[in-house]
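From first to last, the protein sequence lines stand for chains A and B.
For the first sequence, position 112 (counting from the first letter as 1) is numbered 112 according to the UniProt record's numbering, and the numbering increases by one without interruption.
For the second sequence, position 296 (counting from the first letter as 1) is numbered 296 according to the UniProt record's numbering, and the numbering increases by one without interruption.
Quick reminder that beta carbons are idealized off the backbone N, C-alpha and C, glycines included.
Quick caveat, the model's predicted, so the values are computed rather than measured.
Scroll down for the structure; my scribbles are underneath it.
Number of protein chains: 2
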Amino acid sequence: MGLDNVTVKPHEKLATALAPELTAVNTLIRERMASKHAPRIPEVTAHLVEAGGKRLRPMLTLAAAKACGYDGPYHIHLAATVEFIHTATLLHDDVVDESAKRRGRPTANLLWDNKSSVLVGDYLFARSFQLMTECNSMQVMHILSGASATIAEGEVLQLTAAQDLATDEAIYLQVVRGKTAALFSAATKVGGVIAGADPKIVQALHDYGDALGVSFQIVDDLLDYEGTGETGKNVGDDFRERKLTLPVIKAVAKADDAERAFWVKTIEKGKQDDGDLEHAIALLKKHDALTETRVEALDWAEKAKAALTSLPDTDIRQMLSEIADYVVARLR
Amino acid sequence: MGLDNVTVKPHEKLATALAPELTAVNTLIRERMASKHAPRIPEVTAHLVEAGGKRLRPMLTLAAAKACGYDGPYHIHLAATVEFIHTATLLHDDVVDESAKRRGRPTANLLWDNKSSVLVGDYLFARSFQLMTECNSMQVMHILSGASATIAEGEVLQLTAAQDLATDEAIYLQVVRGKTAALFSAATKVGGVIAGADPKIVQALHDYGDALGVSFQIVDDLLDYEGTGETGKNVGDDFRERKLTLPVIKAVAKADDAERAFWVKTIEKGKQDDGDLEHAIALLKKHDALTETRVEALDWAEKAKAALTSLPDTDIRQMLSEIADYVVARLR
Numbered sequence: 001m002g003l004d005n006v007t008v009k010p011h012e013k014l015a016t017a018l019a020p021e022l023t024a025v026n027t028l029i030r031e032r033m034a035s036k037h038a039p040r041i042p043e044v045t046a047h048l049v050e051a052g053g054k055r056l057r058p059m060l061t062l063a064a065a066k067a068c069g070y071d072g073p074y075h076i077h078l079a080a081t082v083e084f085i086h087t088a089t090l091l092h093d094d095v096v097d098e099s100a101k102r103r104g105r106p107t108a109n110l111l112w113d114n115k116s117s118v119l120v121g122d123y124l125f126a127r128s129f130q131l132m133t134e135c136n137s138m139q140v141m142h143i144l145s146g147a148s149a150t151i152a153e154g155e156v157l158q159l160t161a162a163q164d165l166a167t168d169e170a171i172y173l174q175v176v177r178g179k180t181a182a183l184f185s186a187a188t189k190v191g192g193v194i195a196g197a198d199p200k201i202v203q204a205l206h207d208y209g210d211a212l213g214v215s216f217q218i219v220d221d222l223l224d225y226e227g228t229g230e231t232g233k234n235v236g237d238d239f240r241e242r243k244l245t246l247p248v249i250k251a252v253a254k255a256d257d258a259e260r261a262f263w264v265k266t267i268e269k270g271k272q273d274d275g276d277l278e279h280a281i282a283l284l285k286k287h288d289a290l291t292e293t294r295v296e297a298l299d300w301a302e303k304a305k306a307a308l309t310s311l312p313d314t315d316i317r318q319m320l321s322e323i324a325d326y327v328v329a330r331l332r
Numbered sequence: 001m002g003l004d005n006v007t008v009k010p011h012e013k014l015a016t017a018l019a020p021e022l023t024a025v026n027t028l029i030r031e032r033m034a035s036k037h038a039p040r041i042p043e044v045t046a047h048l049v050e051a052g053g054k055r056l057r058p059m060l061t062l063a064a065a066k067a068c069g070y071d072g073p074y075h076i077h078l079a080a081t082v083e084f085i086h087t088a089t090l091l092h093d094d095v096v097d098e099s100a101k102r103r104g105r106p107t108a109n110l111l112w113d114n115k116s117s118v119l120v121g122d123y124l125f126a127r128s129f130q131l132m133t134e135c136n137s138m139q140v141m142h143i144l145s146g147a148s149a150t151i152a153e154g155e156v157l158q159l160t161a162a163q164d165l166a167t168d169e170a171i172y173l174q175v176v177r178g179k180t181a182a183l184f185s186a187a188t189k190v191g192g193v194i195a196g197a198d199p200k201i202v203q204a205l206h207d208y209g210d211a212l213g214v215s216f217q218i219v220d221d222l223l224d225y226e227g228t229g230e231t232g233k234n235v236g237d238d239f240r241e242r243k244l245t246l247p248v249i250k251a252v253a254k255a256d257d258a259e260r261a262f263w264v265k266t267i268e269k270g271k272q273d274d275g276d277l278e279h280a281i282a283l284l285k286k287h288d289a290l291t292e293t294r295v296e297a298l299d300w301a302e303k304a305k306a307a308l309t310s311l312p313d314t315d316i317r318q319m320l321s322e323i324a325d326y327v328v329a330r331l332r
């Protein structure tokens, strides 16, 4: 199993199983991204929300709630909340990274301006808090407000860790846990909480989301060096933005003097010339950094699947397990 | 009364009356703006939080709670929440406006970068939601998450209304209600709610905060054309940023053809030459736009004071009334 599942597309299988709920989530999202007074808001948001993202995070919330036997209405609100937080962070990330493309389309900051991206992101954050408030669960509020703080913390840490060759694997993991895994684990955890699941199950859902998120981000960082363009990533973005991601950290750790000088020039000093990206990729290959990074992504996917064993044995649990395989299958 | 009160400095009188609470708020703010993993966060936040702002908004929350006889601990959390939301919006505003100065000091986006301002702002928003969650009041959560959405909406509306000479006084009021009054009214309202005050009193506190906020912003917009530098404002910022504030809206409404052409050139097309700011101010004076704007600011301050009459007659109520006078006294 694992990498052989590519043709099945597990996220589509999950989307089919959750079809009525996902329709309700999309309706709620469209309803709540509206603004009576500022039409710019739904314009910008629609550009991103309708852009064919996989709705992976809201699906995780819906699936977690269903896996715990939930039959109330609030997993819909929570799934929309999670998607709003995700969309808000994408808008702000694209400003911070000065990105021009997202999912193969021009970014909002390019189509409108940075100002709109910052303020519409703020609007979506606020709307996400309104939505979660409607669920009347203080535990849910704690988890999601905590996750939002952790996301921002991870992004700021990434900012200061970038361009710094002293960034090691521990710092990298902390950044990844913040900027990506915090929302994955909150998404799955609140699904269990809203269903009133046993604390042990809630913890298992958290651990699944956490490991899945770490795996997801490591794969993303790997695709930034070996993607094909089909994945919607621009190969070399992280290198140009001088981010210390896992492949580079591994190669820097094994660098000889000449190689280290190359990393200092391109990452620390930001002096990048023609051919430097190709040279960087050659160094990653020379030191097995891409292969080792791939192994770590697979390890985290296995951890995610292992966490699921404490959940009731249902079709939904099986699908969540396949999602973990799918995340790493993007590497093919 | 009114403008004669300048020497008393009512916000200092209120600060003295609320001294122990304000100390507790400052301690809580310092505690919660910390970050275990990302030292950049407290650096940026401290620059702004310690910059000698008047803590007007948190004082409003404390005063509202005390005016309603509250003796619990949560008005401290709410006051810190309100200051965090305010600080987050300042950080994002300075990015959006590309400001270089705030309260007479260089802005965070200048000292660090736009990225840090965006992400640290996000962190403070998230922390504010964590703080308010601790108060365990769903009504408080509704009010503050709603206010956050209204603030962002007002900022986006301002973005699209800028550079557009069709912006009228109704749109201006909507922008002001969003970007400024929403947080003032939420600040006073949650003080009443946490104290368990009668809905009539809560409504009065809302109306006071709303009118005070509108008055405050109109004064701010006026000082942008007739400030002295002592007020910490750079005269002409709004003109350079092509914002349609009340004085300009009033002058545009009375413009003859030549004057209209001037506004089209400077505000709509953004072609500003030496002497244009001085010419703009001359036009504002010619059409009594500054005087009329001042009258509106005074009217709103009176509305704020009138709203207070339903509150119990206490020293704190008197001080809140004096704050309304003080806000417009900045005009002298």
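Suppose you measure from the CA of residue i to the CA of residue j; what does that come to, to the nearest Å?
| i | j | result |
| --- | --- | --- |
| B/Pro247 | A/Lys36 | 26 angstroms |
| B/Gly2 | B/Leu91 | Only weak support is given to the placement of B/Gly2: the predicted model assigns it a pLDDT of 46, under 50, and the value that follows is read from those uncertain coordinates. If I take the Cα positions, the gap works out to 33 angstroms. |
| A/Leu14 | A/Leu244 | 34 angstroms |
| B/Gly192 | A/Ala297 | 52 angstroms |
| B/Gly209 | B/Arg105 | 28 angstroms |
| B/His47 | B/Arg127 | 17 angstroms |
| A/Ala258 | A/Ala161 | 23 angstroms |
| A/Ser310 | A/Ala195 | 16 angstroms |
| A/Asp299 | A/Lys250 | 16 angstroms |
| A/Asp94 | A/Tyr172 | 20 angstroms |
| A/Lys305 | A/Leu78 | 23 angstroms |
| A/Asn5 | A/Asp325 | Residue placement at A/Asn5 cannot be trusted, given a pLDDT of 46 that sits under 50; what the coordinates show is reported in the next sentence. If you take the alpha carbons of A/Asn5 and A/Asp325, they lie about 7 angstroms apart. |
| A/Leu60 | A/Leu18 | 10 angstroms |
| A/Ile29 | A/Ile41 | 13 angstroms |
| B/Ala64 | B/Ala261 | 48 angstroms |
| A/His86 | A/Gly53 | 11 angstroms |
| A/Ala150 | B/Glu98 | It is worth fixing the name first, because residue 150 of chain A is Thr in this sequence and not Ala. A/Thr150 and B/Glu98: Cα-Cα distance of roughly 27 angstroms. |
| A/His142 | A/Ala255 | 44 angstroms |
| A/Ala282 | B/Glu83 | 50 angstroms |
| B/Gly270 | B/Gly236 | 14 angstroms |
| A/Arg32 | A/Thr133 | 14 angstroms |
The alpha helix (DSSP H) with residue i in it runs from where to where?
| i | result |
| --- | --- |
| A/Tyr172 | 169–176 |
| B/Ala80 | 74–96 |
| A/Asn26 | 19–32 |
| B/Glu43 | 40–49 |
| B/His206 | 199–226 |
| B/Thr314 | Where B/Thr314 is concerned, there is no enclosing alpha helix (DSSP H), given that its DSSP letter is neither H nor E. |
| A/His279 | 276–286 |
| B/Trp300 | 289–307 |
| B/Arg260 | 257–263 |
| A/Thr61 | 56–67 |
| A/Lys115 | 114–133 |
| A/Glu153 | 138–161 |
| A/Ala186 | 182–194 |
| B/Ile249 | 246–253 |
Below 9 angstroms between beta carbons: does that hold for residue i and residue j?
| i | j | result |
| --- | --- | --- |
| B/Ala301 | B/Ala181 | no |
| B/Val25 | B/Leu165 | no |
| A/Leu157 | A/Gln174 | yes |
| A/Arg57 | A/Leu183 | yes |
| A/Leu331 | A/Arg317 | no |
| B/Gly121 | B/Ala100 | no |
| B/Ile218 | B/Thr293 | yes |
| B/Ser137 | B/Tyr74 | yes |
| B/Val327 | B/Phe216 | yes |
| B/Tyr123 | A/Ala289 | no |
| A/Leu119 | A/Leu62 | no |
Bridge partners for residue i per DSSP, in chain order?
| i | result |
| --- | --- |
| B/Lys101 | B/Pro106 |
Positions along the region 127–154 of chain A whose CB lies within less than 7 angstroms of some CB in chain B: Listed by position along the chain: Arg127, Phe129, Gln130, Thr133, Asn136, Met138, Met141, His142, Ser145, Gly146, Ser148, Ala149, Ala152, Glu153.
Chain B contacts from the region 30–49 of chain A (Cβ-Cβ distance under 7 angstroms): Residues passing the 7 angstroms Cβ filter: Ser35, His37, Ala38, Arg40, Ile41.
Under 7 angstroms (Cβ pairs) to chain A, residues found in the region 152–174 of chain B: Along the region 152–174 of chain B, the positions whose C-beta sits under 7 angstroms from a C-beta of chain A are Ala152, Glu153, Glu155, Val156, Leu157, Leu159, Thr160, Gln174, read in chain order.
The region 115–127 of chain A: positions lying closer than 7 angstroms to chain B by Cβ: Answer in chain order: Lys115, Ser116, Val118, Leu119, Val120, Asp122, Tyr123, Phe125, Ala126, Arg127.
Near-chain A residues of the region 84–98 of chain B - C-beta to any C-beta below 7 angstroms: For the region 84–98 of chain B, the residues whose beta carbon sits under 7 angstroms from a beta carbon of chain A are, in order, His92, Val95, Val96.
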